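Numbering (the numbering used here), first residue to last: 374 to 657.
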């Protein structure tokens, strides 16, 4: 029995911990729930700081209730004091006050631990095209949160919003990724799935060079939470000690497999599809 207890202690000590600062999605396809599913599937212990409660299903947001900025900060501070957090990701931060509070709390972490394993998924625009943040919050992202990050993961619409110009093709993605990396002095993963070609191509730019990550585009799969799952997989791999390009490569393969092996249910409201973050996955 003592040997078994010692083994359990060693396993817990060796388990990486990752924090997601994100909204709660009632359908568990996106947000903190998707992040936790992804962390768990990849052998990482996940903890959460919830920024808002969202009543939603794939394709429909019914209602959103924001958390008070003070409780968002308290969750982050308490978790930092209690767990050896190796990597952090942010998702939906809702408004300027929450973005600012998150940045303040994470600045303290950077000073105390020196870690830069922060992945910022700047959720500014919903899949439906609905804005999720106002201009003031976006400005705080650029001024306070991006400088703390190791990686930011905007999609095409979010990148266009940050640069003030549209992105319509792969060469444009390369130019935009380089411009964002230079503007914010942070590595950028520009996600190109919305281009809707035969392949979903993403561009990682570290400020010096660009790397493309490609997977076949899977049409007619109406899921949500792909960006959350992708950035969570990257965060999990960084927490376990992977390099940045290695973590992105793994994350691309993981989210592509989660889309490919998605779930489908028939309900009174029609067909509901969801990502399969719990899949049996072996990277190539």
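Glycine included, each C-beta is placed from N, C-alpha and C at the ideal position. Computed from a prediction, not measured in an experiment: that's the story for all the values here.
Go through its chain and collect everything with a Cβ distance to residue i's Cβ below 6 Å, but skip five positions before and after it.
i: residue 458; result: 390, 392
i: residue 442; result: 470, 471, 474
i: residue 460; result: 391, 490, 608, 611, 612
i: residue 409; result: 419
i: residue 559; result: 519, 522, 525
i: residue 614; result: none
Once you ignore the five residues that flank residue i on each side, which residues in its own chain have a CB closer than 7 Å to its CB?
i: residue 435; result: 428, 429
i: residue 618; result: 577, 584
i: residue 450; result: 478
i: residue 609; result: 391, 411, 412, 415, 417
i: residue 445; result: 422, 424, 471, 474, 475
i: residue 635; result: 594, 596, 646, 647, 648, 649
i: residue 628; result: 599, 602, 603, 606
i: residue 588; result: 572, 573, 625, 629
i: residue 514; result: 472, 495
i: residue 399; result: 427, 428, 429
i: residue 633; result: 591
i: residue 621; result: 562, 577, 586, 607
According to the neighbour-count rule (16 or more other Cβ atoms, all chains shown, within 10 Å of its Cβ), is residue i buried or exposed?
i: residue 625; result: buried
i: residue 483; result: exposed
i: residue 643; result: exposed
i: residue 581; result: exposed
i: residue 592; result: exposed
i: residue 438; result: exposed
i: residue 561; result: buried
i: residue 653; result: exposed
i: residue 637; result: exposed
i: residue 616; result: exposed
i: residue 541; result: exposed
i: residue 402; result: buried
i: residue 419; result: buried
i: residue 639; result: exposed
i: residue 641; result: exposed
i: residue 387; result: exposed
i: residue 404; result: buried
i: residue 448; result: buried
i: residue 623; result: buried
i: residue 456; result: exposed
i: residue 657; result: exposed
i: residue 406; result: buried
Between residue i and residue j, which are expected to be in contact by the criterion C-beta below 8 Å, what is the C-beta distance as a whole number of angstroms?
i: residue 647; j: residue 431; result: 6 Å
i: residue 465; j: residue 396; result: 4 Å
i: residue 563; j: residue 533; result: At roughly 10 Å, the Cβ-Cβ gap does not stay under 8 Å, so residue 563 and residue 533 are not in contact.
i: residue 586; j: residue 575; result: 5 Å
Just to confirm my understanding: we take residue i, look at its own chain, exclude 5 residues before and 5 after, and list those with CB closer than 8 Å. What are they?
i: residue 536; result: 549, 552, 553, 556
i: residue 492; result: 460, 461, 462, 463, 522, 523, 524, 525, 526, 604, 607, 608, 611
i: residue 590; result: 566, 569, 570, 571, 572, 573
i: residue 505; result: 465, 467, 496, 497, 498, 499
Does the segment 491-498 come into contact with the segment 520-528, if we say contact requires no fewer than three beta-carbon pairs (one atom in each stretch) closer than 8 Å? yes
Go through the segment 488-542 residue by residue and report every complete run of the alpha helix (DSSP H) that reaches 4 residues or more, in order. DSSP runs (the alpha helix (DSSP H)) wholly in the segment 488-542: 508-513, 529-536.
Please determine if the segment 505-519 and the segment 469-476 are in contact, where contact requires at least 3 C-beta pairs separated by less than 8 Å. yes
Ranges of the alpha helix (DSSP H) found wholly within the segment 586-628, counting only runs of at least 4: 599-612
Tell me, please, whether the segment 597-604 touches the segment 541-550 by the rule of three or more beta-carbon pairs shorter than 8 Å. Of all C-beta pairs linking the segment 597-604 to the segment 541-550, fewer than three are shorter than 8 Å, placing the two stretches out of contact.
Along the chain, which unbroken stretches of the alpha helix (DSSP H) at least 4 residues long are found entirely within the segment 406-461? 442-455
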